[in-house]
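First the structure, in the form of structure tokens, and then the observations on it.
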Amino acid sequence: MSVQERKERERAARERLIVATARELAEQQGWDAVTTRQLAERIEYSQPVLYSHFRGKREIIGAVALQGAAEMAAAVRTATSAADGPRARTTALARAYLDFARGNPAVYDAMFQLDGGLAFAVEDTPAPLKDAFAALLESLGEVAGDGVHPGLFTETFWAALHGLATLTRAGRLPPAEAEERVELLVGRLAIV
Numbered sequence: 466m467s468v469q470e471r472k473e474r475e476r477a478a479r480e481r482l483i484v485a486t487a488r489e490l491a492e493q494q495g496w497d498a499v500t501t502r503q504l505a506e507r508i509e510y511s512q513p514v515l516y517s518h519f520r521g522k523r524e525i526i527g528a529v530a531l532q533g534a535a536e537m538a539a540a541v542r543t544a545t546s547a548a549d550g551p552r553a554r555t556t557a558l559a560r561a562y563l564d565f566a567r568g569n570p571a572v573y574d575a576m577f578q579l580d581g582g583l584a585f586a587v588e589d590t591p592a593p594l595k596d597a598f599a600a601l602l603e604s605l606g607e608v609a610g611d612g613v614h615p616g617l618f619t620e621t622f623w624a625a626l627h628g629l630a631t632l633t634r635a636g637r638l639p640p641a642e643a644e645e646r647v648e649l650l651v652g653r654l655a656i657v
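Be aware that the sequence shown starts at 466, since it is given in this note's numbering, and climbs by one per residue.
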């Protein structure tokens, strides 16, 4: 292995460590606790080393969001692949999405609430974000209905799931009725 390859591998490992540490700190104490000073102390590197990887907290949030998008896409695909039929796939998708949001609140915030400098729904949207949407579209496109644009339907269903996730987490909706909400949302679709 060349010196250059070793340096690139070490750089990639440091970057993964920064992202993992930021994510862990955000999940434990919230995003306000994630500062370059705090990260530098936790990973035992200087702040200039952090800045050699990320220009600031915004880029770190973006990196966590991209990682989260990939994980959410995988969770949705795993859940929907085990379901038989369009209604079961749609229900599995909704449950997987809401479970991901509930189980990864800081990551979910990085993906959808905080400014990570990422562009959504444009040509230069990063691949992990496009893939997360594609994971939703794969199951929801088949239930959009005649004359309904599958992408538009997916955006609308996603918005409903996001609202459920956000309102439940904020204490505006009782968590005990989460399953009933999923059944109501899916049950109102004309899925056979």
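Beta carbons are placed, not taken as given, at the ideal position from N, Cα and C, and that holds for glycine. Please read these numbers as outputs of a predicted model, since none were measured by experiment.
For MET466, there is no enclosing alpha helix (DSSP H), as DSSP marks it with neither H nor E.
DSSP assignment within the region 606-645 yields no whole beta strand (DSSP E) run of 3 residues or more. By the Cβ criterion, the region 568-583 is not in contact with the region 545-552, since fewer than three pairs of Cβ atoms, one from each stretch, lie closer than 8 Å.
Cβ atoms of LEU558 and SER604 come within 8 Å of each other, at about 5 Å. With a 10 Å radius around the Cβ and a threshold of 16 neighbouring Cβ atoms, LEU617 comes out exposed. It is roughly 45 Å from the alpha-carbon of GLN512 to the alpha-carbon of THR555. Shown here, THR486 sits in a helix according to DSSP, grouped into three states.
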